[in-house]
Structures are given as structure tokens and as C-alpha cells.
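Notes for the one structure printed next.
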Amino acid sequence: MKFDRILADVPCSGDGTMRKNMNLWKDWNPNSALGLHTTQIRILVRALTMLKPGGRVVYSTCSMNPVENEASAIAAAAEAALVLLAFSEPAERNRIVTQWAATTRQKPTSRTTSDHGYFAALTMAHPLT
Numbered sequence: 001m002k003f004d005r006i007l008a009d010v011p012c013s014g015d016g017t018m019r020k021n022m023n024l025w026k027d028w029n030p031n032s033a034l035g036l037h038t039t040q041i042r043i044l045v046r047a048l049t050m051l052k053p054g055g056r057v058v059y060s061t062c063s064m065n066p067v068e069n070e071a072s073a074i075a076a077a078a079e080a081a082l083v084l085l086a087f088s089e090p091a092e093r094n095r096i097v098t099q100w101a102a103t104t105r106q107k108p109t110s111r112t113t114s115d116h117g118y119f120a121a122l123t124m125a126h127p128l129t
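The UniProt record's numbering numbers the first residue of the sequence shown as 1 and each following residue consecutively.
Structure, rendered in C-alpha cells:
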């Protein structure tokens with residue numbers, strides 16, 4: 001079965017939610033993301049193989065770590081030989097991403113708000129040419 005659209009909200013370290021969930025700090029370490037990186041790529045590649053031609057996958061995490069975000073999204077798109085598109089800015093939605101782009105992440109805006117960080121990338125099922 002093939003799909004037009006897939007949302008891949010993958011397991012992540014959750015470091016983008018640390019201001020909302022202070023308990024994450026006691027167990028957090030820099031290597032948390034490294035252990036999830038391969039799993040994230042595997043999930044995203046599987047999602048990409050389940051797309052109809054022209055279909056789209058949105059890859060998302062609640063992490064601010066580029067190892068879990070840009071690195072995973074770009075590695076999966078490269079492994080599947082598909083195009084990764086920018087997602088956050090309307091003017092950039094059709095721009096092909098070939099390297100890490102900080103514009104694809106939402107950063108917390110204030111120390112006093114309950115905002116949290118997240119990442120989203122849009123991948124299209126079109127072969128690289």
C-alpha cells in the first residue's frame with residue numbers, strides 16, 4: 001500500500017521540551033541524540049518507501065539537536081535518493097535542501113514562556129537528478 005502523505009513524528013531526545021519538562025535535565029546527556037539517529041533514519045527511509053510518486057513525508061521531532069533533525073532528514077533523503085525541501089518559510093517551500101539549514105527549526109522565544117522547540121522537514125518522493 002502506498003500513501004499520498006505521511007507524518008513521521010519520530011522518537012527523539014525531547015530536548016526541545018526541557019523548559020516544559022524540567023525532569024528531562026536530570027537524565028539528559030549529549031549522547032542521547034546519537035543513540036536515536038540511526039532509528040530516526042530507518043523510520044524516515046521506511047516512510048519514504050511507502051509514498052506514492054509525488055507523495056510527501058513530513059519528518060518531525062521535538063528536539064533542537066541537528067543530529068536528530070537536519071542530519072537525520074538529509075541522510076534519509078540521500079539514502080532513498082529523494083529530494084528534501086525546506087519547510088518553515090513559505091518563500092522557501094520549494095527550495096531543495098542539500099545542507100543543514102537553521103531556518104527549518106523553531107527556537108524557543110522566551111525564557112518566561114512555555115514555548116518549546118521543534119523541527120519539521122518536508123521530503124518529496126521525487127528522485128534526485
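The C-beta atom is built at its ideal place from N, Cα and C for all residues, glycine as well.
The structure presented is a predicted model; accordingly, all values stated were derived computationally and were not measured.
In this structure Gly55 is not in contact with Phe119, their Cβ atoms being roughly 21 Å apart against a cut-off of 8 Å.
Note: Thr61 is bridge-paired with Phe119 in the DSSP secondary-structure output. Of all C-beta pairs linking the stretch 75-83 to the stretch 13-33, fewer than three are shorter than 8 Å, placing the two stretches out of contact. Put simply, the backbone Cα of Ile43 is about 7 Å away from that of Val10. By the C-beta density criterion, Met64 is buried, having at least 16 other C-beta atoms within 10 angstroms. By the CB criterion at 9 Å, Ser60 and Ala33 fall outside the cutoff. Within the DSSP bridge table, the entry for Arg5 names Arg56 as partners. Per DSSP, the beta-bridge partners of Leu51 are Phe3. Excluding sequence positions up to five before and after Asn21, its CB lies within less than 8 Å of the CB of Gly14, all in the same chain and listed in chain order. At a Cβ-Cβ threshold of 9 Å, Leu24 and Val57 do not count as neighbours.
When the Cα atoms are used, Leu36 and Val67 turn out to be separated by approximately 9 Å. Residues of the same chain with a CB within less than 6 Å of the CB of Arg5, apart from the 5 flanking positions on each side, are Arg56 in chain order.
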